[in-house]
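The numbering of the sequence shown is the numbering used here, which starts it at 65 and goes up by one.
Cβ coordinates follow ideal geometry from the N, Cα and C atoms, glycine included.
This report concerns only the one structure given below.
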Amino acid sequence: MEKIQGGVTAAKGFYAASTAAEIKYKNRKDMAMIYSKTPCTLAGTFTSNVVKAACVLWDKQIVESSAAGHAVVINSGIANACTGKQGFDICRATAQAVSKELNVPTDSVLVASTGVIGMQIPEDKITGGVKKMIPGLSDSKEAGTSAAEAIMTTDTKSKETAVTFKVGGKTVTLGGMAKGSGMIHPNMCTMLAFLTTDLNISKELLEEALRENVKDTFNMISVDGDTSTNDTLLLLANGEAGNEKITEKNEDYEAFKKALNEVNTTLAMMMAGDGEGATALFETKVIHAKSKEDAKILAKSVICSNLTKAAIYGHDANWGRILCALGYSGAVFDPEKIELYLIGGDDKILIFKDGVAADYSEEEATEILSCEKVTVLVDMKEGDGEAAAWGCDLTYDYVKINADYRS
Numbered sequence: 065m066e067k068i069q070g071g072v073t074a075a076k077g078f079y080a081a082s083t084a085a086e087i088k089y090k091n092r093k094d095m096a097m098i099y100s101k102t103p104c105t106l107a108g109t110f111t112s113n114v115v116k117a118a119c120v121l122w123d124k125q126i127v128e129s130s131a132a133g134h135a136v137v138i139n140s141g142i143a144n145a146c147t148g149k150q151g152f153d154i155c156r157a158t159a160q161a162v163s164k165e166l167n168v169p170t171d172s173v174l175v176a177s178t179g180v181i182g183m184q185i186p187e188d189k190i191t192g193g194v195k196k197m198i199p200g201l202s203d204s205k206e207a208g209t210s211a212a213e214a215i216m217t218t219d220t221k222s223k224e225t226a227v228t229f230k231v232g233g234k235t236v237t238l239g240g241m242a243k244g245s246g247m248i249h250p251n252m253c254t255m256l257a258f259l260t261t262d263l264n265i266s267k268e269l270l271e272e273a274l275r276e277n278v279k280d281t282f283n284m285i286s287v288d289g290d291t292s293t294n295d296t297l298l299l300l301a302n303g304e305a306g307n308e309k310i311t312e313k314n315e316d317y318e319a320f321k322k323a324l325n326e327v328n329t330t331l332a333m334m335m336a337g338d339g340e341g342a343t344a345l346f347e348t349k350v351i352h353a354k355s356k357e358d359a360k361i362l363a364k365s366v367i368c369s370n371l372t373k374a375a376i377y378g379h380d381a382n383w384g385r386i387l388c389a390l391g392y393s394g395a396v397f398d399p400e401k402i403e404l405y406l407i408g409g410d411d412k413i414l415i416f417k418d419g420v421a422a423d424y425s426e427e428e429a430t431e432i433l434s435c436e437k438v439t440v441l442v443d444m445k446e447g448d449g450e451a452a453a454w455g456c457d458l459t460y461d462y463v464k465i466n467a468d469y470r471s
């Protein structure tokens with residue numbers, strides 16, 4: 065497997081475009097499209113929030129019942145959530161506009177939205193945006209990057225990645241883009257993420273691979289503990305790599321799963337590190353837990369702790385907050401066995417052992433906690449379970465951003 069430059073246009077046969085439709089924002093791109101002329105096998109996961117956006121309901125229906133997918137249209141600024149029948153009608157109108165312009169079935173067009181809940185999307189602006197994007201569809205790296213930028217809301221940077229790997233002697237590419245900065249606490253999915261691959265694979269195995277991998281990647285991040293109404297992860301596979309179709313769990317399937325994990329982990333970490341107001345990516349790795357499930361529970365509890373997140377922002381090695389978060393996680397363990405380490409850059413220090421503070425330098429700990437990526441390593445000393453979770457520090461700017469988000 066090799067990491068390459070690019071995103072959703074890296075795989076063969078995938079095109080992207082973006083435009084400024086002024087759905088909510090002014091003087092910036094706010095719509096994007098992904099397109100494959102070759103019909104795509106579809107897989108997706110969606111928010112577990114009972115309150116689901118119209119676009120989530122539309123996409124679930126397409127993924128579950130449509131023969132194939134051709135396009136995804138994404139807008140930023142307005143979430144199309146809590147918008148009733150009118151919101152669902154907007155999804156249909158958007159898909160119909162793509163169907164008319166590209167001569168593809170309406171039920172092969174997926175839609176996604178992100179932004180303010182409760183506002184209605186002006187139909188003329190979103191369908192007009194579709195018409196403006198069609199002539200600009202391109203398979204260039206630049207087109208993919210521009211699409212990734214167009215779907216941003218409070219994000220400070222776009223998020224895209226791609227890899228190549230071998231399947232049956234053929235070179236296969238998997239690329240993706242994502243957005244997410246606030247209202248990040250995925251459960252079954254992430255904020256918005258879109259993956260494209262030229263792999264030829266059965267729908268059943270595509271869905272299984274995505275569903276299982278989400279548990280260890282996107283579901284292991286949190287910025288603020290809020291699970292969005294719009295969480296959507298879509299994976300489109302058009303088969304243009306020319307490999308023999310993967311229909312069973314063999315070496316080719318395992319190669320795809322590794323590539324999928326690389327792309328999803330990269331995008332998930334990008335989202336966690338770009339949390340609203342964040343200055344650092346906060347990672348917790350748990351090793352030697354009783355089980356993998358315990359390790360996941362423990363790691364997620366630490367990165368979700370507001371007190372620990374605030375300590376990371378203050379560059380304060382307040383290990384008591386970490387122990388506290390581990391203790392209320394729900395996992396049962398012996399706190400006298402635990403070892404805690406701080407890692408930043410090439411530096412690593414032990415801060416807690418045998419139930420008490422270790423002999424460490426507060427100055428060195430502060431230097432580590434000042435890095436752009438801070439890792440807390442938790443050695444449970446109880447088994448072979450391990451997991452990682454990702455979040456960010458909690459800053460004054462998080463409150464500022466969300467205090468006036470609607471305006």
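What whole-angstrom Cβ distance do residue i and residue j have, given they're in contact under 8 Å?
| i | j | result |
| --- | --- | --- |
| Lys101 | Thr237 | Not really, about 17 Å apart at Cβ, beyond 8 Å. |
| Gly179 | Ile142 | 5 Å |
| Ala342 | Glu450 | About 25 Å; that fails the 8 Å criterion. |
| Asn294 | Leu256 | 7 Å |
| Ala453 | Ile367 | 5 Å |
| Ala301 | Thr261 | 5 Å |
| Met97 | Ala323 | In fact, because the Cβ distance is near 24 Å, the residues do not count as touching under 8 Å. |
| Leu259 | Leu298 | 7 Å |
| Thr340 | Asn466 | Before going on, a small fix: residue 340 reads as Glu here, not Thr. Confirmed, Cβ separation roughly 7 Å. |
| Lys364 | Met284 | 6 Å |
| Ala132 | Thr105 | 7 Å |
| Ser217 | Ser245 | Rather than Ser, the amino acid found at residue 217 in this sequence is Thr. Contact holds; Cβ gap of about 7 Å. |
| Val263 | Gly233 | Per the sequence presented here, residue 263 reads as Leu, with Val not at that position. Going by Cβ atoms, the distance from Leu263 to Gly233 rounds to 14 Å, so no, they are not a contact pair. |
Can you list, in chain order, the residues of its chain whose CB lies under 8 Å from that of residue i, leaving out five sequence neighbours each side?
| i | result |
| --- | --- |
| Glu318 | none |
| Val168 | His134, Ala135, Val162 |
| Lys195 | Ala161, Glu165 |
| Ala226 | Lys67, Ile68, Gln69, Gly70, Gly71, Ala74, Ala75, Thr237, Leu238, Gly239, Gly240, Val327 |
| Lys230 | Val236, Ala319 |
| Lys93 | Ser82, Thr83, Ala84, Ser210, Glu213, Ala214 |
| Gly337 | Ala344, Leu345, Glu436, Lys437, Trp454, Cys456 |
| Lys313 | Leu269 |
Quick one: what's residue i bridged to in DSSP?
| i | result |
| --- | --- |
| Cys104 | Gly133 |
| Tyr99 | Tyr79, Ala135 |
| Lys243 | Leu256 |
| Glu403 | Lys417, Asp443 |
| Cys456 | Leu345 |
| Leu229 | The question names Leu, yet the displayed sequence has Phe at residue 229. In the DSSP output, where bridge partners are listed per residue, Phe229 has Val236. |
| Glu224 | Met241 |
| Lys412 | Ile407 |
| Gly179 | Gly141 |
| Ile265 | Ile310 |
| Gly449 | Ala353 |
| Leu174 | Val136 |
| Ser202 | Ala80 |
| Lys437 | Leu345 |
| Lys88 | Looking at the DSSP assignment, Lys88 forms no beta bridge with any residue, so it has no partner. |
| Ile68 | Ala226 |
| Phe110 | Thr296 |
Go through its chain and collect everything with a Cβ distance to residue i's Cβ below 6 Å, but skip five positions before and after it.
| i | result |
| --- | --- |
| Cys146 | Ile181, Gly182 |
| Tyr99 | Tyr79, Ala135, Leu201 |
| Asp153 | none |
| Lys373 | Asp457, Leu458 |
| Ile265 | Ala301, Ile310 |
| Met247 | Asp290, Ser292 |
| Asn382 | Ala375 |
Using C-beta distances below 7 Å, list every residue in its chain close to residue i, excluding the 5 sequence neighbours before and after it, in chain order.
| i | result |
| --- | --- |
| Thr281 | Asn325, Asn328, Thr329, Ala332 |
| Asp171 | Ile126, Ser130 |
| Ser434 | His379 |
| Ala205 | According to the sequence as given, residue 205 is Lys; it is not Ala. So the list reads Gln69, Gly70, Thr73, once near-sequence residues are dropped. |
| Ala159 | Thr170, Val173, Val175 |
| Asp468 | none |
Please specify which runs of the beta strand (DSSP E), each continuous and at least 3 residues long, are wholly inside the segment 268-330, giving them in chain order. 296-301
Would you mind listing the alpha helix (DSSP H) stretches within the segment 333-401 that are 4+ residues and don't spill past its ends, in chain order? 356-368, 370-377, 383-391
Is the number of C-beta pairs between the segment 411-419 and the segment 373-389 that are closer than 8 Å three or more? yes
Decide yes or no for the touch test of the segment 79-92 against the segment 205-220: beta carbon pairs closer than 8 Å, at least 3 of them. yes
Should the segment 265-280 be regarded as contacting the segment 112-121, the criterion being three or more beta carbon pairs within less than 8 Å? no
Three-pair Cβ contact test at 8 Å for the segment 285-292 versus the segment 346-363: no
Okay, do the segment 304-312 and the segment 419-432 touch, 3+ Cβ pairs below 8 Å being the bar? no
If you pair each beta-carbon of the segment 393-402 with each one of the segment 371-379, do three or more pairs fall below 8 Å? no
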